[in-house]
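Notes for the one structure printed next.
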Amino acid sequence: MLPLRSCVTGLLASAALLLGTTASAQTLNFEVTAEITHSICDVSAGDVDRDITLPEVNVSAFPTAGTVAGHRDFTLTLNNCDATLSQVGLNFTGSADADSNLRFANTGTAAGFALQLTSRGDDRIIGLDGLSGSRTLPVTAGGASLDLRASYWRSPRPTSGGTLVAQVLFEISYP
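FYI, the numbering for the sequence shown is -25 to -1, 1 to 150, going by mature numbering (1 follows the signal peptide of the UniProt record, and there is no 0).
Spelled out as structure tokens, the structure:
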């Protein structure tokens, strides 16, 4: 049996250990990041996943490289834009033609042709050269629109008949 004095000393030492581990307050820091933006404009239902069909054109309508023919006019329309917006941007992307980064590549069966896309009104080419692929539009009465023209473009390569298929994507930005 242990003497009483050893037991009491052991208990006091244990109590001192327990008292030395008192809880202390901890500081917790966190950061909240958020962004408040304008409402976006809606793309007109008819312009979502839209197919533009160019008219059938004979290869003979393209006597030399750079000839453009077979036009189809259409309009991209944005509506329900936030009332505080004064302008929107449209940025066009896709695959560039091997012979001209101002034209969209043809993945169809026709050889020697690409798609040319222009803004109607000013007839400026919308290309994939990093400079000509965007347009800024004024927002009026809660909407904006861009009149466009799609056309066949003959490249310098030998030509043959077939289909022209090109994918053009656009992204809306709010400058």
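Backbone N, C-alpha and C fix where the C-beta goes; we use that ideal spot for every residue, glycine too.
Identity of the residue in the options nearest residue i by Cα
i: Gly117; options: Ile100, Asn54 and Ala86; result: Asn54
i: Gly136; options: Asp122, Asn33 and Ala71; result: Asn33
i: Thr82; options: Ala(-1), Thr138 and Glu146; result: Thr138
i: Ala58; options: Ser94, Val114 and Phe145; result: Val114
i: Ala119; options: Asp97, Gly45, Thr52 and Glu6; result: Thr52
i: Gly64; options: Gly96, Gln91 and Ser109; result: Ser109
Residue burial classification, residue i (beta-carbon count within 10 angstroms, cutoff 16)
i: Val23; result: exposed
i: Leu3; result: exposed
Pairwise C-alpha distance: residue j and residue i
i: Asn66; j: Pro150; result: 12 Å
i: Pro38; j: Ile27; result: 24 Å
i: Ala73; j: Ala80; result: 7 Å
i: Leu56; j: Ala(-1); result: According to the sequence shown, residue 56 is Cys rather than Leu. Looking at the two C-alpha atoms, the distance is approximately 50 Å.
Test item: CB-CB of residue i and residue j under 9 Å
i: Val43; j: Ser126; result: yes
i: Ala89; j: Ala141; result: yes
i: Ser148; j: Leu103; result: no
i: residue 153; j: Asp17; result: Here the chain covers residues -25 to 150 and nothing more, so residue 153 does not appear.
i: Ala86; j: Pro30; result: no
i: Thr68; j: Val143; result: yes
i: Leu77; j: Ser107; result: yes
Boundaries (first-last residue) of the beta strand (DSSP E) holding residue i
i: Tyr127; result: Ala119 to Arg129
i: Leu139; result: Run containing Leu139: none; DSSP gives neither H nor E here.
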